[in-house]
Amino acid sequence: MHIETRGAEVHAKRSIMFLRPVAAAVLSLGVLASGHAVAGEDDTPLSLTLAQYLSRDNNLFKDDQNKAAETVSTSVAQVGFNKAYGRQTYRAAAKLSAQRYKNFDQFNNDGKDVSGSFTTEFLRDWLISANGLYNESLNSIQNNAVRFDPNIRKYRDGGFSVQYGNGGTWAVAGSYDSNKQTYSQDSQKYQNANQSSKGLKVIYFASDALNYSLGTRRVVTDYPLNGSYSQVVDRNVDLSTNWQVTGLSSLNATLTRRSTSYTPSDIAGNSGWTGSASWGYTPHGIISYNVGFARTTGTDRSRSDKPIYLQGEDGQKTFDILSNRVNNNTVTTSINAAARMQVTGKIAFGLNQAISHFKIDRTQSQILLLGSDTPSPDRASQFSSYYHATTLSMEYAAMRSLSLSCSYMRYSQNQDIYRLKYTGNSVDCNANFTID
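Per the numbering used here, the sequence shown starts with residue 366, numbered consecutively.
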């Protein structure tokens, strides 16, 4: 796929002209509000954010066989609410975004994000919280079954937690969460899901800066449009720790033992270890560091039952049904390292390295459901791939209410059974104006 250079130049000029009113509004509002922002006399629970994003990617579809450059403009308006009242805290936010593509306008979309949460301390030892959110946005193009068609993902989530033991050495917490996701693209509606999660954990506070927790979670996911299975149940045992040394270092880590089962029950399940860890270090100086590690597991199952007609030597026809099964077990290992240098009170630079390794173990088998035919023997295979990205960024805080930033990223992905091979680079810039 190629784009004419002359046409791109003309359209780029039009895009710049389109962006001028929004950018001018952000900048002028920043100048008008600068005096008020510096004064900082009002303590209002409301905030308003206006932002303009501009992105240029030379491989929009993340496919080296169909490489196409694209410029994307995103305008954002967000209203926030944050209020502490006695022992209660209320938070809410609503964001609208208008995303426009220069060459592939079929991807133009308007995003919506609404969220809210409530936390209260009850009696002496109880802590209760509730939250909910709704998100509607364009699904990442590289995650679509058909990359040239838009795919809108809608996600709803709501939950609550109750904790007994607030400020002591021990605490017990229970939680419940329910969410629903849907896709607009027909080829991906098999991933439409309704999910619920129930959890219970015990927390030990060794000190104000260190705590441990041990808990269990049961996650049930229903797939109403999946032809291979209707339900997946994940049983998790989590061991977590949080350690904070003010101004120096912080560590958050979780180790999970997970087992997965399917409905119908004749589909093979899976079990394994997952985990994550994040370490941040801020020494006395202008540079801060952060390192993250994550290991996740995934399962993908498919089955197709097909009839086979056979004719014996006596001329009699027999009718067999063979079920072809494909079981994919995926392990994803990711490492992320970042450094941030605060050169002055207004200027900062950042460097980020991200590496992910994907390993897929596949087993193909046949099961005889009816008849006397001999199924083919099982076949096992393994696939793997890597993703790598390097990002350089710069931030400029023009004033308390106005910030500007730009970043440059180079990325690459080699091929496996789920992912296409691609390489590319992108440039992202944004202006952000906030009144709070």
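Every residue gets a Cβ at the ideal spot worked out from N, C-alpha and C, and that includes glycine. Nothing here was measured: the structure is a model prediction, and the numbers come from that model.
Would you tell me roughly how many angstroms separate the C-alpha atoms of residue i and residue j, rounded to the nearest one?
{"i": "Gly523", "j": "Leu498", "result": "6 Å"}
{"i": "Met764", "j": "Ile800", "result": "11 Å"}
{"i": "Ile700", "j": "Leu488", "result": "43 Å"}
{"i": "Asn473", "j": "Ala510", "result": "19 Å"}
{"i": "Thr547", "j": "Val708", "result": "45 Å"}
{"i": "Tyr787", "j": "Gln430", "result": "8 Å"}
{"i": "Arg452", "j": "Arg784", "result": "49 Å"}
{"i": "Gly481", "j": "Gln464", "result": "24 Å"}
{"i": "Arg775", "j": "Arg421", "result": "12 Å"}
{"i": "Gln780", "j": "Lys427", "result": "11 Å"}
{"i": "Cys771", "j": "Leu757", "result": "9 Å"}
{"i": "Leu616", "j": "Gly645", "result": "7 Å"}
{"i": "Asp514", "j": "Ser540", "result": "38 Å"}
{"i": "Arg512", "j": "Lys519", "result": "18 Å"}
{"i": "Thr662", "j": "Asn694", "result": "7 Å"}
{"i": "Gln778", "j": "Thr755", "result": "12 Å"}
{"i": "Gly564", "j": "His649", "result": "40 Å"}
{"i": "Ala643", "j": "Tyr654", "result": "A quick correction: the sequence has Ser, not Ala, at residue 643. Going from the Cα of Ser643 to the Cα of Tyr654 covers about 11 Å."}
{"i": "Asn500", "j": "Gly476", "result": "8 Å"}
{"i": "Ser526", "j": "Asn607", "result": "19 Å"}
{"i": "Tyr577", "j": "Gln507", "result": "38 Å"}
{"i": "Arg371", "j": "Asp408", "result": "Unreliable placement is indicated for Arg371, whose pLDDT of 36 sits below 50; no coordinate value is reported for it."}
{"i": "Asn531", "j": "His753", "result": "43 Å"}
{"i": "Ser572", "j": "Thr439", "result": "45 Å"}
Assuming residue i and residue j form a contact by the criterion Cβ under 8 Å, report the distance between their Cβ atoms to the nearest whole angstrom.
{"i": "Thr697", "j": "Phe723", "result": "5 Å"}
{"i": "Asp793", "j": "Tyr418", "result": "7 Å"}
{"i": "Pro589", "j": "Asn557", "result": "6 Å"}
{"i": "Lys566", "j": "Leu579", "result": "6 Å"}
{"i": "Asn504", "j": "Gly789", "result": "Asn504 to Gly789, Cβ: 19 Å. No contact."}
{"i": "Lys460", "j": "Val437", "result": "Their Cβ separation, rounded to whole angstroms, is 17 Å, which puts Lys460 and Val437 out of contact at 8 Å."}
{"i": "Asn692", "j": "Arg666", "result": "6 Å"}
{"i": "Gln560", "j": "Thr586", "result": "4 Å"}
{"i": "Ser562", "j": "Val598", "result": "The Cβ separation is near 11 Å, so there is no contact."}
Among the options, which one has its Cα closest to the Cα of residue i?
{"i": "Lys711", "options": "Arg690, Asn689 and Ile651", "result": "Ile651"}
{"i": "Ser750", "options": "Ser730, Arg744 and Asp726", "result": "Asp726"}
{"i": "Tyr594", "options": "Arg582, Leu616, Lys519 and Gly634", "result": "Gly634"}
{"i": "Ser766", "options": "Asp408, Thr409 and Leu413", "result": "Leu413"}
{"i": "Asp743", "options": "Ser688, Lys448, Thr755 and Ile782", "result": "Ser688"}
{"i": "Tyr627", "options": "Gln596, Ser526, Asn795 and Ile568", "result": "Gln596"}
{"i": "Asp631", "options": "Arg690, Ala458 and Thr611", "result": "Arg690"}
{"i": "Tyr569", "options": "Asp587, Ser562 and Ala538", "result": "Ala538"}
{"i": "Arg600", "options": "Gly637, Thr611, Ala571 and Ala618", "result": "Gly637"}
{"i": "Ala434", "options": "Arg521, Phe469, Leu613 and Ser462", "result": "Phe469"}
{"i": "Thr728", "options": "Leu716, Ser721, Ser746 and Ile720", "result": "Ser746"}
{"i": "Ser730", "options": "Tyr752, Ser669 and Tyr773", "result": "Ser669"}
{"i": "Gln609", "options": "Val444, Asp490 and Thr647", "result": "Thr647"}
{"i": "Gly592", "options": "Thr611, Ala618, Tyr555 and Val479", "result": "Tyr555"}
{"i": "Gly533", "options": "Trp491, Tyr752 and Thr611", "result": "Trp491"}
{"i": "Ser494", "options": "Ala618, Asp542, Thr664 and Ile720", "result": "Asp542"}
{"i": "Ser624", "options": "Asp573, Trp535 and Thr664", "result": "Thr664"}
Which residues in the same chain have their Cβ closer than 6 Å to the Cβ of residue i, if we skip the five residues on either side of it in sequence?
{"i": "Leu620", "result": "Leu604 and Gly640"}
{"i": "Ala702", "result": "Val656 and Gln718"}
{"i": "Ser768", "result": "Ala762 and Asn797"}
{"i": "Thr454", "result": "Thr484"}
{"i": "Phe714", "result": "Met706 and Met759"}
{"i": "Val602", "result": "Thr581 and Arg622"}
{"i": "Phe748", "result": "Ile725, Asp781 and Ile782"}
{"i": "Ala343", "result": "One cannot answer for residue 343 here, as it falls past the ends of the chain, which runs 366 to 801."}
Under 7 Å from any heavy atom of the ligand SAM, does the C-beta of residue i make it?
{"i": "Gly634", "result": "As presented, the structure is devoid of all ligands, the ligand SAM included, so that no description of it is given."}
Considering only residues of the same chain and omitting the five flanking positions on each side of residue i, which have a CB-CB separation below 7 Å?
{"i": "Leu394", "result": "Any reading at Leu394 must be qualified, since the residue scores a pLDDT of 49, below 50, and its modelled position is unreliable; the value itself is stated next. Once the five neighbours on either side are set aside, the close Cβ partners of Leu394 are Leu415 and Phe798."}
{"i": "Gln553", "result": "Asn509, Ala510 and Asn516"}
{"i": "Pro410", "result": "Phe446, Asn447 and Lys448"}
{"i": "Arg521", "result": "Tyr499, Asn544 and Lys545"}
Bridge partners of residue i, per DSSP?
{"i": "Gly663", "result": "Thr695"}
{"i": "Ala719", "result": "Asn701 and Ala754"}
{"i": "Ala433", "result": "According to DSSP, Ala433 bridges with nothing at all."}
{"i": "Phe658", "result": "Ala642 and Ile700"}
{"i": "Arg668", "result": "Arg690"}
{"i": "Ser595", "result": "DSSP lists no partner for Ser595."}
Leaving out five residues before and five after residue i in sequence, what residues of the same chain have Cβ atoms less than 8 Å from its Cβ?
{"i": "Ala390", "result": "Interpretation of Ala390 is limited by its pLDDT of 47, a score under 50 that renders its predicted location unreliable; the figure taken from the coordinates is listed afterwards. Around Ala390: Leu415."}
{"i": "Gly405", "result": "Reliability of the predicted coordinates at Gly405 is poor, the pLDDT of 41 falling under 50, and the value obtained from them is presented with this limitation in mind. Within the same chain, Gly405 has close Cβ partners Arg765."}
Tell me, please, whether the CB atom of residue i is closer than 8 Å to any CB atom in chain D?
{"i": "Thr647", "result": "In the displayed structure, chain D is absent; only one protein chain is listed."}
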